[in-house]
Structure formats: structure tokens, C-alpha cells
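Report on the following structure.
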Amino acid sequence: MKARGRGAWGPATKLGLPAVFLSCIVFFLAGFFGSMLLSQDISSVRTRPSLLESVDEETGYNPMAHGETGETSVVSIPFQVLSWKPRALLFPKFATVEQCQGIIKMAKSKLSPSTLALRKGETMENTKGIRTSSGTFISASEDKSGILDIIEHKIARVTMIPRSHGEAFNILRYEIGQRYNSHYDAFDPAEYGPQKSQRVASFLLYLSDVKEGGETMFPFENGFMDFNYDYKECIGLKVKPRQGDGLLFYSLFPNGTTDLTSLHGSCPVIEGEKWVATKWIRNQEET
Ligand SMILES: O=C(O)CCC(=O)C(=O)O
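Each step along the sequence shown adds one to the number in our numbering, with nothing skipped, and position 108 is 116.
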């Protein structure tokens, strides 16, 4: 048994020193290349901070490679979801105080009584009192100060609907007691006749604070649809105008049908004055 045991070591013993030498070399080379690979790994970890150097110090975000029409930086535009029924978002401080004042200044001398799109059978006479504000339409291209251009661009970015789909800004002033009864911004062809395009969304930029009243109301918010609802009644979700804030809501569902919870209006101003710039956004380009 002993001899057999020894015999098991026989070939190694026979190989002798050269084999030991060879295995030393193999182990040395393995150790050498292994440590090189490891040091490469560490150095690649070390290169990461150089990638991080491109992080925008202000936002802390690392911008991605972008397409031809994309932007070079990551921006932060805060918003609050106010409701899912209808889909309504508030963008606090969307515009600066100076921008709001500039828009009021350019509109002030151009105001005339606001008008309504009339349903079949309606007249100016029998719709009196529904919308009592005054207003004017100004497009971004007409505004030499460039304020409306900046605002329109920003609205297009938050909605991702191109500027070419927007109507001119409707700048409105509500004085004490003035209001806009609840209505839809989308036009039902059964009531208004055939439509070339449809209003998908509305963006309201509040240009002033209002001491009391003047809220934008959504009486059917969350689906509480009372079909005996009096369209003058100021109920439901009420958004208080705050200078510079933007309110975006969608009148159509993604499938193109009207969201009945998007019914909205302006409560009467009780104290102060309300200024707002409305941008209606359509599902087709405006010609
Ligand atoms: O003034 C508001 O708050 C609402 C305005 C509005 O409903 C509209 O312009 O369609």
C-alpha cells in the first residue's frame, strides 16, 4: 500500500525542478495580469467622476444626448396635479411679475366686451350675462416686447403640443361682479355645427392676484355631475388666481371625446380685479 501511495506521486517527482519552475512562472504571470485587470477596473471607476463633471451644478441633473429638435439642458418647471377628473395641473410661478404686468399693459387699451361662440338658436341678446368680462386677442407675433413669445414657448414645452396649435392669447379682465358661467371649451358639433378642429386643452395664465372671488371653478370635478346644475353656481374645485401661476386642463380625452368633467367657469370677482391670459390649444394646426 505504501509503495502504491508513493507511486501516486511518482510522475511529479519525476518532473522535478523544471515543473516547479514552470508552475511558478504560470502563477506569476496570472498574478501580474490579474492585478493589471484589477487596476484597470479601478481606474475606470475613477474616470466616472469626470463624467459627473458634466452635471449641471444648479439642477444636479446630467443632460442626455438629444435629438435635432431637443434641448441641451434639463429644466425644472414645478407643477401640482390639481385633479385627474378633469386632468388639471397648476404651474406655480410660471411667469414673472414683470411678464404679467407687461401683458396687462399691452392689453389694457385694447379691451372690448368678451363674446361667446353661439349655439344653434342662441343670440347675443339671449346669452347676455353668461360672460361679462372684457378682453382682447393678442398673438405672440404682434407683441414686440417678446413676452408672449416666451410664455407661448413655455406652454408648448409643458404640454408638448406645438405652438402652431395654439390660438392667439385671449387676455381678459374681470371687474367686480363680472363672471363667466360654466361652459366647455370643446365645441360639440351637434350644438355648434361642424368643426374644423377641436380645443384639446386650455392654459390660463393668471396675471393678477384677486382679493376675493374670481376663482376658476370646475363644478363637475371628480365626476359629480348634477344635471340640474345651475351654470352660474360657483361650486366644485375652485382655483384661486395667483399672479404668475398657470393652470392647464384638458377638455378632450386621449381618444378625442369630450371630458364632461372639464366643465368650468369663472366665479364672480367680489373684491379687486382679475386679469388672465387664456391660450386655447387645438388638435390641428391653426391656419
Ligand atoms: O377666467 C377664468 O378663470 C376662466 C376663463 C375661461 O373659462 C375661458 O376663457 O374659457
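Cβ coordinates follow ideal geometry from the N, Cα and C atoms, glycine included.
Compute the Euclidean distance between the alpha carbons of residue i and residue j, then round it to the nearest angstrom.
i, j, result
"Gly252", "Ser91", "20 Å"
"Thr266", "Asp193", "9 Å"
"Pro249", "Glu150", "26 Å"
"Val53", "Pro71", "In this prediction, Val53 scores a pLDDT of 40, lower than 50, which makes its location untrustworthy; the coordinate-derived value is nonetheless stated afterwards. Cα to Cα, the separation comes out at about 20 Å."
"Gly154", "Ser172", "17 Å"
"Cys108", "Asn230", "31 Å"
"Asn1", "Pro227", "Because the chain is modelled from 9 through 295, residue 1 falls outside the range shown and cannot be assessed."
"Lys282", "Asp217", "7 Å"
"Met132", "Leu126", "8 Å"
Between residue i and the rest of its own chain, which residues show a CB-CB distance below 8 Å, the 5 nearest in sequence each way excluded?
i, result
"Lys219", "Ile278, Glu279 and Gly280"
"Pro170", "Ala164 and Glu293"
Give the DSSP-derived three-state secondary structure of residue i in the structure shown.
i, result
"Lys162", "helix"
"Glu279", "strand"
"Trp231", "According to the sequence as given, residue 231 is Gly; it is not Trp. In this structure, Gly231 counts as helix in the three-state DSSP scheme."
"Ile146", "strand"
Is residue i near ligand 1, in the sense that its beta carbon is under 6 Å from a heavy atom of that ligand?
i, result
"Tyr239", "no"
"Ser120", "no"
"Thr224", "yes"
"Phe188", "Sequence check: residue 188 is Tyr here, not Phe. Yes; taking the cut-off as 6 Å, the Cβ of Tyr188 has a heavy atom of ligand 1 nearer than that."
"Ser274", "yes"
"Thr135", "no"
"Thr269", "no"
"Thr286", "yes"
Determine the closest residue to residue i out of the options, with distance taken between C-alpha atoms.
i, options, result
"Ile111", "Leu98, Thr286, Asn70 and Phe195", "Thr286"
"Ala103", "Ser274, Ile85 and Ser141", "Ile85"
"Val208", "Leu260, Gln88 and Ser141", "Leu260"
"Val82", "Gly75, Arg95 and Asp64", "Asp64"
"Thr144", "Ser120, Tyr239, Phe211 and Tyr182", "Ser120"
Would a check of beta-carbon distances place residue i closer than 7 Å to chain C?
i, result
"Leu90", "No chain C is present in this structure, which holds just one protein chain."
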